[in-house]
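Q: Pasting in a structure now, in structure tokens, and then I'll have a few things to ask.
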């Protein structure tokens, strides 16, 4: 993505802000946390794996950034308030939120259980909703006031085995638009990125042969390749930034044309 003339790559108007990033231990979340820290934001790293969060926090610290690790299971109903309180205690403010964490399993309908179904909705839909609710009072006091949800091209495509995951992502697309309209009068912006195939560890949770899976994924994309976490992170940072201050309610298909490619 081109940098606006006269600006540095990380001159995003986010210096001194505090931003929460869920699913920050790897993949898109980790790349986003690094990008935001480089732009001068204090970043709250949220995820279930404390060791992975600490690894990312170390990388950020070595680059003179600031990060706070908050291990949390987003499927727990109390997690949103715990995460918001941790950010307030450390930084005294909350300026932005990136709802990136997700659970993904590929199964035919005959193999689904109510437990797996509920886990997907708790993590992929309920958690983002109540995190937005938890940070809303702080966002109203911030000049940034931005939320970015991370959806998926699966929410717009019919993909065998993704009936549950895809439904949660379609729900997140709708949630983005609904809350963007509700919160716009207060100046809070809510946008969404719907990535297509991205090179992240999440694919190992459903693919037995990762190389074969990556070849198949690349075939679904008109640009002929899968994307990188850093490419998504650049868009997330831009949507959080005041540079995108007139944009809200958008669901951006960052998928190399995957959605257009399908019949």
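Residue numbers (this note's numbering): 3 to 265.
The C-beta atom is built at its ideal place from N, Cα and C for all residues, glycine as well.
From a predicted model like this one, the values you see are computed outputs, not experimental measurements.
1. Give every residue of the same chain whose Cβ lies closer than 6 Å to the Cβ of residue 43, excluding the five residues on either side of it in the sequence, and list them in chain order.
2. At which residues does the alpha helix (DSSP H) containing residue 128 begin and terminate?
3. Nearest by alpha-carbon distance to residue 101: which of 227, 195, 14 and 53 is it?
4. Less than 7 Å between C-beta atoms, sequence neighbours within five positions excluded: which residues of the same chain meet that for residue 60?
5. Going by other Cβ atoms of all chains shown within 10 Å of its Cβ, with 16 needed for buried, is residue 115 buried or exposed?
6. If we ignore side chains and look at the alpha-carbon of each, how far apart do residue 56 and residue 66 end up?
7. How about residue 69 and residue 45: do their beta carbons lie closer than 7 Å?
8. Per DSSP, what are the beta-bridge partners of residue 194 in this structure?
9. Take residue 260 as the anchor and find which of 239, 156, 88 and 236 has the nearest alpha-carbon.
10. Mind checking whether residue 231 and residue 25 have CB atoms under 7 Å apart?
11. Indicate whether the contact test is met: 3 or more Cβ pairs, each with one atom in the stretch 82–97 and one in the stretch 107–122, closer than 8 Å.
12. Please list the segments of the beta strand (DSSP E) lying wholly inside the stretch 27–79, counting only runs of 3 or more residues, in order along the chain.
13. Per DSSP, residue 100 is paired with what?
14. With DSSP as the reference, label residue 200 as helix, strand or coil.
15. Using a threshold of 7 Å, state whether the C-beta atoms of residue 146 and residue 97 are closer than that.
16. Below 7 Å between beta carbons: does that hold for residue 38 and residue 239?
17. Cutting at 6 Å between CB atoms, please list the residues of its own chain near residue 171, excluding the five before and the five after it.
18. May I ask which residues mark the beginning and end of the alpha helix (DSSP H) holding residue 247?
19. DSSP state of residue 16, grouped into three classes?
20. Locate the alpha helix (DSSP H) running through residue 90, then write down its first and last residues.
A: With the given structure in hand:
1. Here residue 43 is taken as the residue at index 41 of the chain shown, counted from 1. Hits under 6 Å: 16, 19 and 21.
2. As a working mapping, residue 128 is identified with position 126 in the chain shown. From DSSP, residue 128 is part of no alpha helix (DSSP H); its letter is neither H nor E.
3. Start at 1 with the first residue of the chain shown, and residue 101 comes out as number 99. The shortest C-alpha separation from residue 101 is found at 195.
4. Walking along the chain shown from the start, residue 60 turns up at place 58. Closer than 7 Å at Cβ, skipping near neighbours: no residue.
5. Here residue 115 corresponds to residue number 113 of the chain shown, with the count starting at 1. Exposed: under 16 other Cβ atoms inside 10 Å.
6. Mapped onto the chain shown, residue 56 falls at position 54. Mapped onto the chain shown, residue 66 falls at position 64. Taking the straight line from one Cα to the other gives about 15 Å.
7. For this step, residue 69 is matched to residue 67 along the chain shown. For this step, residue 45 is matched to residue 43 along the chain shown. Yes, the pair counts as a contact, with Cβ atoms nearer than the cut-off.
8. The sequence position of residue 194 within the chain shown is 192, counting from 1. In the DSSP output, where bridge partners are listed per residue, residue 194 has 151 and 253.
9. Start at 1 with the first residue of the chain shown, and residue 260 comes out as number 258. For residue 260, the closest of 239, 156, 88 and 236 by C-alpha to C-alpha distance is 156.
10. Start at 1 with the first residue of the chain shown, and residue 231 comes out as number 229. Start at 1 with the first residue of the chain shown, and residue 25 comes out as number 23. Taking 7 Å as the Cβ cut-off, residue 231 and residue 25 do not qualify as a contacting pair.
11. Counting Cβ pairs under 8 Å, fewer than three are found: no touch.
12. Every beta strand (DSSP E) stretch that sits fully inside the stretch 27–79 and reaches 3 residues is listed by chain position as 44–49 and 68–73.
13. As a first step, residue 100 is located in the chain shown; it is residue number 98 there, counting from the start. Looking at the DSSP assignment, residue 100 forms a beta bridge with 23 and 150.
14. Mapped onto the chain shown, residue 200 falls at position 198. Looking at residue 200 - three-state DSSP - the assignment turns out to be strand.
15. Along the chain shown, read from residue 1 onward, the residue named residue 146 stands at position 144. Along the chain shown, read from residue 1 onward, the residue named residue 97 stands at position 95. Yes, the Cβ-Cβ distance between residue 146 and residue 97 is below 7 Å.
16. Here the question's residue 38 lines up with position 36 in the chain shown. Here the question's residue 239 lines up with position 237 in the chain shown. For residue 38 and residue 239, yes; Cβs fall inside 7 Å.
17. Taking the chain shown and counting its residues from 1, one reaches residue 171 at position 169. Only 153, 154, 156 and 157 meet the Cβ criterion.
18. As a first step, residue 247 is located in the chain shown; it is residue number 245 there, counting from the start. Residue 247 -> no alpha helix (DSSP H), and no H or E assigned at all.
19. One-based indexing of the chain shown puts residue 16 at position 14. Correct three-state label for residue 16: coil.
20. Looking up residue 90 in the chain shown gives position 88. Its alpha helix (DSSP H) spans residues 81–93.
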